[in-house]
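Here's the structure we're looking at; comments come further down.
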Amino acid sequence: MRSRPRRGVGAGMRPGRRVRAGVRYFLASAVGLVLLFPLVYALYVSFEMPADYGRFAPLSRLSAWNYGQVVTLVPLLRWYLNTVVVTAIIMAGNFAVNTPAGFALARLAFPGRRVVFGTVLAIMMVPLQAYLIPLYLAVAGLGWLNTYAALTVPFLVYGFFIFLMRQYFLTIPRELDDAAEVDGVGKIGTFFRVGLPLSGPALVTQMVLGFTLTWNSFLIPVTMTTQKEMFVLTVGLNTLKSQYYDFPTVTMAGVILLTVPVVAVFAVFQRSIVPSLASSGVKG
Amino acid sequence: MRRRRSETAAAYVLLAPALLFLGLWFLYPIISSFLLSVQQVNVFHYSQRRFVGLDNFRQLFSDRTFPATVRITLTFVLLVVPAQTVLALLAAILVNGLGRLRTLYRTVLFLPYVTSTVAVTAVFMDLFTVHAALPVLFSRLGLPDVSWFADVKLALVFLAGIYAWMNLGLYMIIFLSGLQTVPPELYEAARVDGASPARELVSITIPSLRPFVVFVVLSGMIAAFQVFDQAYVVSGGTVLGGPAGATSTIVIYIFAQAFRYNKLGPASAAAVVFLLVVSVAAFAVRRFLQEDPRA
Amino acid sequence: MKKLLVPASVVMLLAALAVPLSAGGTQEASGPVTVSLGYSGGVWIEKYFDQVTAGLAQSAPNLSVKKVVYPTYDDLLNGLPTQVAARTNPDVLYWTNEQLADYVSNGVLEPLDPLLGASKIDLGVFYRGLVQGWTMNGKLYGVPFNGQNSAMVVNLDLLKQAGVVGLPKTIQELGQDAAAISKSGATGLVILDNLFHLSQYVYAFGGGWGNGKTIATPQNAQGLQFLVDLFTKDKSASTAKQLGAAWDGEAFAKGTVGFSTGGPWYIGYLQQAGPNVHYQLMPIPTSRGGTAMVTYGGGLSVFADVKDPRPALQLISYLTNDDNMKLMATSGLKYLPARTKYMDLYVSMVPEFAPLKDAFFKGTGLDYPPGIKEFGDELVKGFEQMVFQPGSLTPRDLLATLQQKFGAK
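Residue numbers (our numbering), protein chains in the order written: chain A, 779 to 1062; chain B, 3 to 297; chain C, -8 to 400.
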């Protein structure tokens, strides 16, 4: 397997190349700055006292008071636990459900394929707000309110991810399928032998995105849970607002506490987006 | 013949869990909700709803409120989708060639997407408040020094800006994982032939990324049509869709009808119209991008 | 590794389906009767209710309380109707009477008058204005719990800087003072443009909505015109959003605003967010030199679909008893108790409230038309149109449209 040609700054490059690389880094830094600045601002605000909100306070007046408020006033750990459990279940479920579905839609010919794919797309086009009430009635009817079931079972499938996996599987050369078939495995076997192992980058993408979507989701948890012990982070952190006002600085502290785990997860997992082995498969 | 049947069987086996869950948790509530569009419903007396034909639809178009939301949503989508697609693609290509710092940049570029929408919108509202640095900066270019989100003309642009900023990372990640599928030999061959980076981009990268471009444009468009969170925060506390209806998107309308006014009939009717609008748009885009409809 | 992942996920999936974990659950205690109490309002009201319901064991051992929590008041309002449809609503609800009309007209609340005697609730101990606020069509639909009111909040420093001596005695004078303040560089007046705040200016001109009977009146038009003029002619007013604030208090806390229609909730907020703002609360002056104050507030209602309302009333009786009301003022909550005897205690705990004390006893209730939220949204949208697109709409036309759509027939 040949490694990807390194395009970074390095010795032995022609001068034009080095300039191009320099421009590349400069642009990337500018973009990074635009994307990072608002978040750094949020972090800064989370350390400001409420009286200093809206201004730039000197370093001496910065403190962790907001975090203290959050930690002492609410059952943060329980909410972290709930969010982690819900997210883990949904991630696992999505992986199991969406990946084979995407493979089938990309690779296999069967009657009704267009209908199924069209339905998946159509479902993506209906906003949750439109059908939340019937969904709530159904979940309430099952007696699932205030349980992990209500927060996870309806979300073990996402049309978005089926679509993503389908597009990804479309890029895998058909020759690999044929090779597997020659070996005598059925189509399902092809999925496990060829599709799945090669789906690494898209799988990680699906997992990371699934994590993010679930971790930050609000509308479903707030509708399905009315007991403090079952709140997830997004919902629970909203109780920091009193009926008549809230302190933006405390809200920002909550936001930071909400965001840090997601960033950590992403930072860890993004290294796993490995280069495709498809090329070597074809050659070998 | 046998292969065909076993292929069909295999397909449905692989699809079974997805179809089950989609049917139970999406199709069933969606169809229930669409049934409500031809009924008059009082949420408090839900079981006493009755059939009223197309009354709800007539009500939707009886004044300019709902049509205005369609116009505003379309404007929003046209502002957002091209921008976020192109920028995400360029960012992905940029980051891909960064060598060792790639992982760091990837995290940085993804950060906006993982931060909660409410927080991001709140931060941007702070940054675009009257007399703050950014409006003052933009006022040098001729724009008024106002709070952008409170200005009838600038509020939608503000919304589009935050939305694109947040979602850039998502689509960049998708393009990045797509870039991994491009066989390196193609680039090697191109370099041997002496092709410029621009040529490589046009002849190799973009064609290889075609499925991902389709995905980003289509799903990006479908998501943009459904914009809600940011608009909710921007106009929260006063009337949804403010100022003076400038950020009144279709989903904001649906939410207000269903949850604030308890008018499920018009809300569901609006959802049906929404689905039609988005379907037409999606069909048009797929045609335009010439995605193989047989796929 | 990948091969194990799929079966492992399937197992996890089946486990998740087979064992829905639940916390709390819906098991009824075999002994005591469980009454569910729904509320929102954040951590302070949570602490208060925790403290208070802990004392139930002594006073009413046959009752046990199940809490139904809504993170914010908006979540309460958005979620409640659907819960009624699904019969998952709480038995007793702590909420404010702004939305009362819609719930009463749909028949989902239990009239409480016939049940008061048995649970020993004496309405005479509460402020008359509050009791009126919870009464509709001659029937009582909520027992007052705490009081809130509208007021004008004044930045005394900015007033002095603008050369104004003394507080304005009429609303027109207030407009002039606001103009003076804005000439000296600050913002004269800030408003969070929602139904509540817009209504204060309507009340200041002797107008009102009359529960739908008096929407299109000259006084209402005057009130709206006055406010719109502050924006378009004097340019002394701004909405909270225009000043970059989520609500009016946030803008006021920055110390750059002269006037705001606020209320006692400013007090706790400004202690933290605007400790250097030198302010005072005063009743809103009217066009005739009097004062207008709207009193409303939190109360406890019972849903009509409760099987037996007596335990619910027992809970309400307990929650509104002497000791618990006193605790409202003395604890971190610092709400104004609905029992009139605690006004002086409250003022001693919250001295900034003192200027409002007398007017509170004479306060009138909210008189929104039915279809409150939709009415409010249309009013606000019309107002925003008049302010941001001047000349496109007049108050009279707006009110005429609203009367047609929401007027009492």
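Don't be surprised by glycine CBs; every beta carbon is placed ideally from N, CA and C.
Along chain C, which residues have their Cβ under 8 Å away from the Cβ of residue i?
i, result
"Asp57(B)", "None at all; the shortest Cβ gap to chain C is about 17 Å."
"Ser149(B)", "Lys232, Gln233, Leu234, Gly235"
"Pro836(A)", "Those do not exist, as Pro836(A) stays about 15 Å from chain C at its closest Cβ, beyond 8 Å."
"Ile911(A)", "Thr73, Ala76"
"Asp128(B)", "Gly235"
For the alpha helix (DSSP H) that residue i lies in, which residues bound it at each end?
i, result
"Val83(C)", "Segment 83 to 87 is the beta strand (DSSP E) holding Val83(C); no alpha helix (DSSP H) there."
"Gln167(C)", "162 to 174"
"Ser237(B)", "231 to 237"
"Asn312(C)", "Element bounds for Asn312(C): n/a, residue is neither H nor E."
"Thr73(C)", "64 to 77"
"Val132(B)", "Taken as a continuous stretch (DSSP letters only), Val132(B) belongs to no alpha helix (DSSP H), as it is neither H nor E."
"Ser438(C)", "Nothing can be reported for residue 438(C), as the shown portion of chain C is limited to -8 through 400."
"Lys965(A)", "965 to 968"
"Lys372(C)", "363 to 379"
"Val122(C)", "119 to 124"
"Thr223(C)", "209 to 223"
Could you tell me whether the Cβ atoms of residue i and residue j are closer together than 8 Å?
i, j, result
"Pro47(C)", "Tyr270(C)", "Per the sequence presented here, residue 47(C) reads as Leu, with Pro not at that position. The answer is no: Cβ separation not under 8 Å."
"Pro999(A)", "Val1013(A)", "yes"
"Gln41(B)", "Arg52(B)", "yes"
"Leu389(C)", "Val285(C)", "no"
"Ala246(B)", "Lys372(C)", "yes"
"Val56(C)", "Val26(C)", "yes"
"Gly411(C)", "Gly354(C)", "For chain C, the structure presents residues -8 to 400; residue 411(C) sits outside this window and is missing."
"Gly240(C)", "Tyr831(A)", "no"
According to DSSP, is residue i part of a helix, a strand, or is it coil?
i, result
"Gly249(C)", "strand"
"Thr1037(A)", "helix"
"Ala1031(A)", "helix"
"Lys353(C)", "coil"
"Tyr132(C)", "coil"
"Met902(A)", "helix"
"Asn872(A)", "helix"
"Leu278(B)", "helix"
"Gln191(C)", "helix"
"Thr123(B)", "helix"
"Asn264(B)", "coil"
"Ala20(C)", "Bear in mind that the predicted position of Ala20(C) carries a pLDDT of just 45, short of 50, making it unreliable; the figure below should be weighed with that in mind. Correct three-state label for Ala20(C): coil."
Alpha carbon to alpha carbon, how far is residue j from residue i? Give it in angstroms, no decimals.
i, j, result
"Gly163(B)", "Tyr255(B)", "21 Å"
"Trp86(C)", "Tyr30(C)", "7 Å"
"Val194(B)", "Asn169(B)", "37 Å"
"Leu1035(A)", "Ser179(B)", "29 Å"
"Ala866(A)", "Val1038(A)", "17 Å"
"Ala808(A)", "Val241(B)", "37 Å"
"Gln49(C)", "Leu327(C)", "25 Å"
"Met869(A)", "Pro186(B)", "31 Å"
"Ser110(C)", "Asn264(B)", "34 Å"
"Ala1(B)", "Ala237(C)", "Chain B is shown only over 3 to 297; residue 1(B) falls outside these bounds and no answer can be derived."
"Glu9(B)", "Val216(B)", "26 Å"
"Gln18(C)", "Trp843(A)", "For Gln18(C), the predicted structure reports a pLDDT of 46, less than 50, and the residue's modelled location is therefore unreliable. A value from the coordinates is still provided. Each residue's Cα considered, the two are about 40 Å apart."
"Tyr914(A)", "Leu106(B)", "41 Å"
"Asn876(A)", "Ala928(A)", "20 Å"
"Phe351(C)", "Asn140(C)", "7 Å"
What is the residue span of the beta strand (DSSP E) that residue i lies within?
i, result
"Ile182(C)", "178 to 182"
"Met420(C)", "There is simply no residue 420(C) to check, as chain C begins at -8 and stops at 400 in what is shown."
"Gln271(C)", "270 to 273"
"Thr44(C)", "Taken as a continuous stretch (DSSP letters only), Thr44(C) belongs to no beta strand (DSSP E), being part of the alpha helix (DSSP H) at 34 to 45."
For residue i, is the beta carbon positioned less than 7 Å from some heavy atom of the ligand NAD?
i, result
"Tyr936(A)", "The ligand NAD is absent from the structure shown, which contains no ligand whatsoever."
Who are the neighbours of residue i on chain C, taking C-beta pairs under 7 Å?
i, result
"Ser1020(A)", "Gly32, Gly33, Trp35"
"Tyr48(B)", "Ala76"
Name the chain B residues whose beta carbon is nearer than 7 Å to that of residue i?
i, result
"Arg833(A)", "Under the 7 Å cutoff, chain B gives no residues; its nearest Cβ is about 11 Å from Arg833(A)."
Would you mind telling me which residues of chain B sit closer than 9 Å to residue i, beta carbon to beta carbon, in chain order?
i, result
"Lys174(C)", "By Cβ distance, chain B contributes nothing, its closest Cβ being about 18 Å from Lys174(C), past 9 Å."
Mind listing the chain A neighbours of residue i? Cutoff is C-beta to C-beta under 8 Å, in chain order.
i, result
"Trp238(C)", "Tyr1023"
Chain A partners of residue i, CB-CB under 9 Å?
i, result
"Ser34(B)", "Tyr909, Ile911, Pro912, Leu913, Leu915, Ala916"
For the region 978 to 1009 of chain A, which residues have a beta carbon sitting closer than 9 Å to at least one beta carbon of chain F? Here chain F cannot be found, since the structure's protein chains are A, B and C.
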